[in-house]
Amino acid sequence: MVAAYLSHGARGVSMSAYRRIVLIAIAGALIISTSGPLVRLSEVSPATSALFRCAYAVPPMLVLAWLERRKLGPLPLKGALLAWAAGALFSLDLLFWHQSIKLVGAGLATVLGNLQVFIVAFAAWGLFRERPSNRLMAGTPIVFGGVVLISGVFDGSAYGLDPVMGAVTGLVTSVVYAAYLLLLKAGPGRTAGPLAQATVVATVLIAVLSPLFGCADLAPEWPAHGWLLLLALGPQVVGWLLITYSLPRQPAALTSLLLLVQPVVTVAISALTLGERPSALQFAGCAAVVLGVLYGSRCAQPTRAGAEQDEQVPKTSTV
């Protein structure tokens, strides 16, 4: 599929320009795929990795927000309030997701994070009367059946310190992240300013809430600091900048492909670098979630409202 995009381009876009967009999107997805493994490699508590992931990302994001402000003017009050609320949700998203990584592994936790696609769709149905596609409705039971398999409820050899709680915290992550995306959708349409403000708020709240998640170590040693710097500057800043740039410029089919790329690459990286070995049933659950999300997110003829949502709501996992 990627080869076809690179060869033929998109309607109204030169082949060279479109090839660049595709490569940027793939690069962003690959960079974000390293989030979970970097959290594991840092060997710090979930609260510590969540805190420094945001704290180290704040300076470059503030610079980008300042450049955006010079060009577009100050962020409206409504946009700022939405960004602060989004930051509060993002703090919970990271705390629960990093906890899920600890309990069930980086690969499976990332797969669980992709459930936000379904949750956003059903929340939009309830809040904005945007009915999910028939594909998404059909894929829902398959995806949640996969979650049950990942949890290890029926599997005595399931991977993870506590796969059931890992699946639960992964589901909570998806719900909170879905709410975060819906708030971003309601924002003023800017990128750097809202993300910078949300990151600042998330940093403060993670520090405040960290005692509930095992406390954050404010002075981790090397090489933990190195892994946390890579986590912040790589996936959190560079990865999301690439994804945010490419999403409005690419077709829905490529977005769906990126949904498949990120969790699969994360599972592969986790197996190769961290020795994570999910059981056969957990692998089956992983496949069910990934393929269900891929199937459910693809629409042959998206509606106008759906097309607008595709442009505003990232379909890849942040995590």
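Going by the working numbering, 120 is the number at position 140 of the sequence shown; the sequence numbering is gapless.
The beta carbon of each residue, even a glycine, is placed where N, CA and C say it ideally should be.
Answer with buried or exposed for residue i, where buried requires no fewer than 16 other C-beta atoms within 10 angstroms of its C-beta.
{"i": "L221", "result": "buried"}
{"i": "P215", "result": "buried"}
{"i": "C266", "result": "buried"}
{"i": "V77", "result": "Going by the sequence as given, residue 77 is Trp instead of Val. Classification of W77: buried, given that the 10 Å Cβ count is 16 or more."}
{"i": "P243", "result": "buried"}
{"i": "S154", "result": "buried"}
{"i": "G173", "result": "buried"}
{"i": "P121", "result": "exposed"}
{"i": "A280", "result": "Because A280 sits at a pLDDT of 41, beneath the cut-off of 50, its placement in the model cannot be relied upon, and the following sentence gives the value as read from the coordinates. A280 is exposed by the Cβ-count criterion."}
{"i": "R109", "result": "exposed"}
{"i": "T296", "result": "Residue placement at T296 cannot be trusted, given a pLDDT of 47 that sits under 50; what the coordinates show is reported in the next sentence. With 16 or more Cβ atoms within 10 Å of its Cβ, T296 is classed as buried."}
Just the Cα atoms here: how many angstroms apart are residue i and residue j?
{"i": "F193", "j": "L274", "result": "32 Å"}
{"i": "L44", "j": "L31", "result": "20 Å"}
{"i": "L(-14)", "j": "Y(-2)", "result": "For L(-14), the predicted structure reports a pLDDT of 49, less than 50, and the residue's modelled location is therefore unreliable. The matter cannot be settled from this model."}
{"i": "S250", "j": "F70", "result": "24 Å"}
{"i": "K51", "j": "G276", "result": "38 Å"}
{"i": "A204", "j": "S113", "result": "44 Å"}
{"i": "R111", "j": "A248", "result": "34 Å"}
{"i": "G125", "j": "A103", "result": "20 Å"}
{"i": "G8", "j": "P191", "result": "33 Å"}
{"i": "L61", "j": "A68", "result": "11 Å"}
{"i": "V38", "j": "G136", "result": "43 Å"}
{"i": "R170", "j": "I1", "result": "20 Å"}
Where does residue i sit, in a helix, a strand or coil, going by DSSP?
{"i": "Y225", "result": "helix"}
{"i": "A199", "result": "coil"}
{"i": "N114", "result": "helix"}
{"i": "A260", "result": "helix"}
{"i": "Q292", "result": "Legend: pLDDT at Q292 = 44, less than 50; position of this residue unreliable, value from coordinates given subsequently. In the structure shown, Q292 sits in a helix (DSSP, three-state: H, G or I)."}
{"i": "G255", "result": "coil"}
{"i": "G167", "result": "coil"}
{"i": "T283", "result": "In this predicted model, T283 has a pLDDT of only 45, less than 50, meaning its place in the structure is not dependable enough to derive any value."}
{"i": "S25", "result": "coil"}
{"i": "L151", "result": "helix"}
{"i": "F76", "result": "helix"}
Whose C-alpha, out of the options, is nearest the C-alpha of residue i?
{"i": "P40", "options": "A187, R50, A176", "result": "A176"}
{"i": "T28", "options": "V247, L211, T253", "result": "L211"}
{"i": "P200", "options": "P56, V24, L162, P258", "result": "V24"}
{"i": "P17", "options": "G276, W207, A264", "result": "W207"}
{"i": "A264", "options": "S190, L129, L47", "result": "L129"}
{"i": "L83", "options": "L55, V133, L141, L62", "result": "L141"}
{"i": "L87", "options": "L271, A260, V245, A268", "result": "According to the sequence shown, residue 87 is Gly rather than Leu. Closest by alpha carbon: V245."}
{"i": "A300", "options": "M117, A89, A159, E110", "result": "Since the displayed the chain opens at -19 and closes at 299, residue 300 lies outside it and no answer follows."}
{"i": "F134", "options": "W46, G167, L261", "result": "L261"}
{"i": "L189", "options": "G59, W46, A35, L72", "result": "L72"}
{"i": "W105", "options": "S(-4), L75, G59, A158", "result": "A158"}
{"i": "T179", "options": "L252, T14, L213, A196", "result": "L213"}
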